[in-house]
Structures are given as structure tokens and as C-alpha cells.
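Worksheet: one structure, shown below.
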Amino acid sequence: MSTLSNLVVGVDGSPESRRALQWTVAHAQADSLTLVHGFSPGIELLAAAAQIGLDSSRAAAGKLLDGEWSEPARHAGMEVSTELIDDDAARALSLIADKVRADGIVVGQRGHTRWSQRQVGDVAAKLLHRSDVPVIVVGEDAPIAEQAGPVVVAVNRPTTPMNPELKWAIRFARERSTPLVLAAALEPISFIDSEFEWTMDDVRGALRTQMDALVQSIRSAAPDLDVKSKVRDGVAADTIAAITKGVDASLVVIGSHHPGPVAGFFGASVARHLPTLVTCPTVAVPWIEDGVNTAEAA
0 MSTLSNLVVG VDGSPESRRA LQWTVAHAQA DSLTLVHGFS PGIELLAAAA
50 QIGLDSSRAA AGKLLDGEWS EPARHAGMEV STELIDDDAA RALSLIADKV
100 RADGIVVGQR GHTRWSQRQV GDVAAKLLHR SDVPVIVVGE DAPIAEQAGP
150 VVVAVNRPTT PMNPELKWAI RFARERSTPL VLAAALEPIS FIDSEFEWTM
200 DDVRGALRTQ MDALVQSIRS AAPDLDVKSK VRDGVAADTI AAITKGVDAS
250 LVVIGSHHPG PVAGFFGASV ARHLPTLVTC PTVAVPWIED GVNTAEAA
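Here is the structure:
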């Protein structure tokens with residue numbers, strides 16, 4: 000089964016959700032989609048329930064879901080299943096993804112504003128910590144058409160063979176005959192001083208050596224894949240974003256949401272910020288403590 004053959008998409012009529020659906024229609028490797036809307040009235044709506052009627056509001060949402068919101072997929076000739084769930088969007092998407100054994104969840108990300116400039120929206124943020132399948136975050140400015148650029152995958156543990164995000168990125172790149180770029184950020188280490196026998200140059204050299212070894216192992220396992228690595232100094236999210244933009248990537252892949260404390264800090268920080276720093280979609284692949292998760296290749 001391919002990486003994008005069974006997708007669940009969150010829709011709510013917003014520009015960002017429309018963009019996410021348009022991207023999914025263009026890139027899904029299947030002729031069917033599951034569209035989900037979480038119907039969760041806010042406090043103001045609940046307070047006014049007697050006047051406006053929750054049933055009519057829910058019915059209106061269902062009509063939009065089956066009509067206007069799903070029209071781009073139907074227009075493209077896809078078979079569309081819709082799910083209107085009485086819950087918040089993140090829980091609704093997770094529930095249906097589990098129900099249909101989805102390969103991934105696609106959500107939109109609004110453009111840069113005062114509040115969204117450095118962190119993903121609430122739905123994406125919840126999914127990054129909750130979902131057991133890859134979460135694909137598509138920004139309002141994401142290109143819809145197929146892009147020729149490489150797939151970038153953020154690597155924070157190059158000595159760990161074949162992390163889930165790396166497996167996913169390799170599969171996707173091979174399916175699309177797209178080059179793969181392994182990106183690593185060397186963050187400043189403030190505790191190095193003159194008493195230590197090693198320097199930042201030593202650390203940088205060791206990281207490059209590890210990345211080169213990882214590249215060679217991938218080339219041995221997938222000789223048809225064009226793969227290389229890039230290492231830069233800087234804060235993780237900003238550095239991975241710079242590498243992604245520098246190679247004009249079509250997609251960037253990161254690990255996220257279920258690791259131990261050190262990798263968890265890296266994954267959570269990058270996952271929350273990176274989608275707002277790049278134009279191409281970001282795929283966050285779940286990392287589980289023992290290294291086993293639903294995104295791994297069969």
C-alpha cells in the first residue's frame with residue numbers, strides 16, 4: 000500500500016481546509032477520500048441554543064459537508080465518504096482515522112498572522128500529540144500541482160537506523176521517483192568551555208560522519224533513490240526550514256508526538272513551528288517509545 004492511498008481530511012469551509020482538500024485531491028494515490036467535520040459548538044452557541052437550535056446548526060453543517068465542502072473531491076471524480084462527528088475536530092479526525100485504518104490525516108494551516116506566525120493551529124497541534132498515523136499539515140500557500148523538488152526529512156538521531164519518519168520519507172520518495180534530502184540541525188551547545196577536550200567543530204564533524212553513514216546505508220538498501228544530506232548550524236525548526244526552502248522541497252517530513260523526553264522535545268518543538276515556516280506541506284510521522292508505529296513500512 001502506498002503512503003497516500005487512504006486519507007482522512009478535515010474540512011470546515013475555511014480557506015485553509017479547502018486548500019488541504021485541494022492538495023489531497025491532487026496528490027492522493029487512490030480514488031476515494033474520507034472527509035470529516037467535527038461539530039463542537041462553542042460556549043456562545045451553546046448559550047444561545049434555545050434561540051437558534053443546535054439541531055438546525057448540525058443539519059446545516061451536514062449539508063455543507065455533503066455539498067460545498069466536499070465538492071472539489073467529487074468534481075475530480077473521487078468517491079467521497081463524509082463523517083459528521085459530535086466532537087472537536089482533532090478527536091473526530093483521530094476517531095475516523097482509526098475506524099477506516101487511514102494512512103494519514105490531512106489538515107489545513109492558516110497563513111501567517113500575529114497568532115499563527117510561529118505555531119500551528121489548535122487542531123494540528125492536538126493531532127501532533129494524539130494521532131497514531133502521519134499528520135499532513137497543508138498551508139494556505141502550499142502549491143497544489145505536483146512539484147519536482149526533493150523530499151526533505153529532518154534527522155535528529157542519525158545513529159538510530161531507519162526511524163519511522165525516515166522510512167516514510169524513503170517510501171514516499173521512491174513512489175514519486177523524487178530525490179531525498181536528509182536534513183540535520185546542529186543546535187548551539189552552551190555548556191562547551193575550555194575544560195572540554197572537544198569543540199563544536201568536533202561535534203559538527205561527528206554529525207557529518209554519522210549523516211554520511213546514514214546516506215550510504217540508504218543507498219545500499221535503495222539503490223534507485225537519489226539521496227544526500229545537509230547539515231547546518233542553528234535552531235532546529237529554523238534550520239530545517241532553511242534547508243527545505245534552499246532545495247525548493249516539495250514536502251518536508253519530521254518525526255513527532257510519541258518519543259521519550261529528549262527526542263520528544265525536539266519533535267514537539269519542530270512539529271509546532273515548522274509548518275508555519277515553510278510553503279510546502281509538512282508530514283509529522285508518529286514516533287512511539289519502542290520504535291514501532293503504524294507508519295512503518297510493512
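Using numbering that gives the first Met the number 0, the letters of the sequence shown map in sequence onto residues 0 to 297. All residues carry an ideal CB built from backbone N, CA and C; glycine is no exception. Here the structure is a predicted model, which means the values were calculated and not measured.
Backbone secondary structure at residue i - three-state DSSP
i: Leu92; result: helix
i: Ser69; result: helix
i: Lys244; result: helix
i: Val134; result: strand
i: Ser39; result: coil
i: Arg113; result: The pLDDT assigned to Arg113 is 40, lower than 50, so where the model puts this residue is not dependable; a value taken from the coordinates is nonetheless given after this. In the structure shown, Arg113 sits in coil (DSSP, three-state: anything other than H, G, I, E or B).
i: Ile84; result: strand
i: Glu302; result: This structure gives no information on residue 302, because the portion of the chain shown stretches from 0 to 297.
i: Gln215; result: helix
i: Ser31; result: strand
i: Val202; result: helix
i: Gly12; result: coil
i: Glu164; result: helix
i: Gly263; result: Only weak support is given to the placement of Gly263: the predicted model assigns it a pLDDT of 45, under 50, and the value that follows is read from those uncertain coordinates. DSSP places Gly263 in helix when its eight states are reduced to three.
i: Arg18; result: helix
i: Ser1; result: coil
i: Trp286; result: coil
i: Gln209; result: helix
i: Ala144; result: coil
i: Ala221; result: coil
i: Thr158; result: coil
i: Gly120; result: coil
i: Pro258; result: Only weak support exists for where Pro258 lies, its pLDDT of 45 falling under 50; the value from the coordinates is given anyway. Coil, per DSSP.
Close-in-space but distant-in-sequence residues of the same chain around residue i (CB under 7 Å, 5 per side omitted)
i: Ala236; result: Ser268, Val269, His272, Leu273, Leu276
i: Gly263; result: Unreliable positioning characterises Gly263 in this predicted model, as indicated by a pLDDT of 45, which lies under 50. The coordinate reading is nonetheless provided below. If we look at Gly263 and ignore the five residues flanking it on each side, it has no Cβ neighbours.
i: Ala89; result: Val122, Lys125, Leu126, Arg129
i: Thr2; result: Asp102, Trp167, Arg170, Phe171, Glu174
i: Thr177; result: Pro149, Val150, Ser249
i: Pro260; result: Below a pLDDT of 50, predicted positions are generally treated as unreliable, and Pro260, at 44, falls in that range; no measurement from the model is reported.
i: Ala60; result: His36, Phe38, Leu83
i: Gly120; result: Gln108, Arg109
i: Arg113; result: Confidence at Arg113 is low in this model, with a pLDDT of 40, below 50, so the placement of that residue is unreliable and no value is reported for it.
Bridge partner(s) assigned by DSSP for residue i
i: Thr281; result: Val136, Val251
i: Ala153; result: Ala182
i: Gln108; result: Gly138
i: Asp232; result: Leu185
i: Leu6; result: Gly103
i: Val226; result: Leu179
i: Val79; result: Leu32
Proximity of residue i and residue j at Cβ, strictly below 7 Å
i: Thr33; j: Val132; result: no
i: Ala183; j: Val230; result: yes
i: Ala221; j: Ser255; result: no
i: Val10; j: Ser4; result: no
i: Leu181; j: Val154; result: yes
i: Val8; j: Leu20; result: yes
i: Gly148; j: Ala248; result: yes
i: Ser13; j: Asp87; result: no
i: Val252; j: Glu139; result: no
i: Thr81; j: Leu63; result: no
i: Ile143; j: Trp22; result: yes
i: Val246; j: Ser228; result: no
Beta-carbon separation (whole angstroms), residue i vs residue j, contact threshold 8 Å
i: Val342; j: Ala141; result: Nothing about residue 342 can be reported from this structure: the residues present for the chain run from 0 to 297 only.
i: Val35; j: Ala75; result: The Cβ separation is near 18 Å, so there is no contact.
i: Leu224; j: Leu185; result: Wrong, their Cβ atoms sit about 25 Å apart, outside the cutoff.
i: Val79; j: Ser93; result: Not really, about 20 Å apart at Cβ, beyond 8 Å.
Neighbourhood of residue i by C-beta, 6 Å cutoff - its chain only, sequence neighbours within 5 removed
i: Ala91; result: Val35, Gly37, Ile84
i: Thr238; result: Ala184, Arg231
i: Pro280; result: Ile135, Val137, Ala141, Leu250
i: Thr158; result: Gln209
i: Arg73; result: Val79
i: Ala29; result: Ser4
i: Val105; result: Leu6, Val8, Ala19, Thr23, Ile135
Distance cut-off 6 Å: residue i Cβ against heavy atoms of the ligand NAD
i: Asn155; result: Among the components of this structure there are no ligands whatsoever, and the ligand NAD is therefore not found.
Cβ neighbours of residue i in the same chain (closer than 8 Å, five flanking residues each side left out)
i: Glu43; result: With a pLDDT of only 44 at Glu43, under the threshold of 50, the placement of this residue in the model should not be trusted; the figure read from the coordinates follows. Once the five neighbours on either side are set aside, Glu43 has no close Cβ partner at all.
i: Thr278; result: Gly138, Asp140, Ala141, Pro142, Lys244
i: Ala26; result: The sequence given here has His at residue 26, not Ala. The answer, listed in chain order, is Leu3, Glu145.
i: Glu67; result: Gly12
i: Leu206; result: Pro157, Ala183, Leu185, Val230
i: Arg57; result: Phe38, Leu83, Asp85
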